[in-house]
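Chemist: Before anything else, here's the structure in question.
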Amino acid sequence: MKKVVLMLLAGLAAPPAWAQSHGAMLPFYGGQIGLSGDLHVEFVVRDGLIRAWVRDHADKPVAAVGKATVLVGAARHEVSFTEDGAGLKAELPVKAADKVTAVLSLTAQGRPLSARFAQAELVQPSLTGAALAGKAVFERVCATCHGTALRGSDQGPPLIHAWYAPGGGHDDSQVLKVLREGTKGHMWKLGDMPKPEGLKAGEDKPALAYVRAMQAANGIDQSAPLPGMGGHSGHSGH
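Structure representation (structure tokens):
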């Protein structure tokens with residue numbers, strides 16, 4: 016039995032070869048996309064829970080039930096999903112910043128569906144100057160929607176994401192414009208971004224410096240565009 020458990024854990028720790036590789040299947044909620052047969056699954060880690068959505072190739076939601084085996088660091092959890100709106104959720108002791116590997120075992124359209132996902136632990140770089148000042152601004156003004164780990168929430172998208180890489184359709188001038196004015200949502204199913212409340216004059220550039228520092232530390236730069244961005248390039252929206 017011990018050998019079987021160790022083999023399972025080793026398998027869970029291996030990163031999925033296709034994670035974030037199916038760019039044509041665009042995420043609605045800022046998550047990773049995986050294929051299982053003719054369906055695709057979106058998966059995200061939030062503080063205190065995981066979420067999943069099953070959709071067909073027309074991007075129509077598909078009802079599903081099931082469970083997940085989740086590694087949070089070295090801790091293993093078995094959780095059952097409950098229905099939550101158009102998707103599923105399962106509560107467990109996890110943070111969006113954690114290293115997570117999850118195997119989803121679902122049933123949809125009367126047949127089994129399996130998908131595996133992984134995310135790395137958030138890298139926290141040493142900050143100086145504008146980026147250090149911007150961290151406090153971000154935590155006060157932006158983190159409620161974009162998450163303290165910059166990996167998104169149910170109210171806003173992840174900023175540690177290739178769609179927001181420098182030069183990836185969201186250059187500094189566009190991001191600063193959004194910070195000052197807000198924007199209409201067009202890339203995600205998370206609604207519009209209102210004009211940020213509480214952002215004081217001169218705080219926009221430090222906030223951006225912090226976001227760029229966190230992106231760079233976590234592998235988001237001009238050399239890592241998201242496959243399948245297509246028509247999203249050049250947009251300044253949310």
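In this text, residue positions in the sequence shown follow the working numbering: the first is 16, and each later residue adds one. C-beta atoms are modelled at their ideal positions from N, C-alpha and C, and glycine is treated no differently. Fair warning: this is a prediction, and the values are worked out from it, not measured in the lab.
What did DSSP end up calling residue 188 once you bin it into helix, strand or coil?
Modeler: As a working note, residue 188 is residue 173 in the sequence shown. Helix, per DSSP.
Chemist: Name the two residues that bound the continuous beta strand (DSSP E) containing residue 121.
Modeler: Within the sequence shown, residue 121 is the residue found at index 106, counting from 1. Taken as a continuous stretch (DSSP letters only), the beta strand (DSSP E) holding residue 121 covers 115-123.
Chemist: Measuring CB to CB, does residue 146 end up less than 8 Å from residue 224?
Modeler: By 1-based counting over the sequence shown, the position of residue 146 is 131. By 1-based counting over the sequence shown, the position of residue 224 is 209. Closer than 8 Å, so yes.
Chemist: Exposed or buried, residue 217, counting other C-beta atoms within 10 Å across all chains shown (16 or more means buried)?
Modeler: Residue mapping note: residue 217 aligns to position 202 of the sequence shown, counting from 1. When all chains shown are included, residue 217 counts as exposed.
Chemist: CB-CB under 7 Å to residue 196, same chain, minus the five flanking residues each way: which ones, in chain order?
Modeler: In the sequence shown, the residue the question calls residue 196 occupies position 181. Contacts found: 210.
Chemist: Between the segment 38-57 and the segment 113-133, can you find at least three pairs of beta-carbon atoms closer than 8 Å?
Modeler: Output reads yes: the segment 38-57 touches the segment 113-133.
Chemist: Mind checking whether residue 45 and residue 60 have CB atoms under 8 Å apart?
Modeler: Residue 45 sits at position 30 when you count from the first residue of the sequence shown. Residue 60 sits at position 45 when you count from the first residue of the sequence shown. Not a contact, by the Cβ cut-off of 8 Å.
Chemist: By the three-class DSSP mapping on this structure, what secondary structure does residue 230 have?
Modeler: Here residue 230 refers to the residue found at position 215 when the sequence shown is read from its first residue. DSSP places residue 230 in helix when its eight states are reduced to three.
Chemist: Compute the Euclidean distance between the alpha carbons of residue 155 and residue 226, then round it to the nearest angstrom.
Modeler: Here residue 155 corresponds to residue number 140 of the sequence shown, with the count starting at 1. Here residue 226 corresponds to residue number 211 of the sequence shown, with the count starting at 1. If I take the Cα positions, the gap works out to 14 Å.
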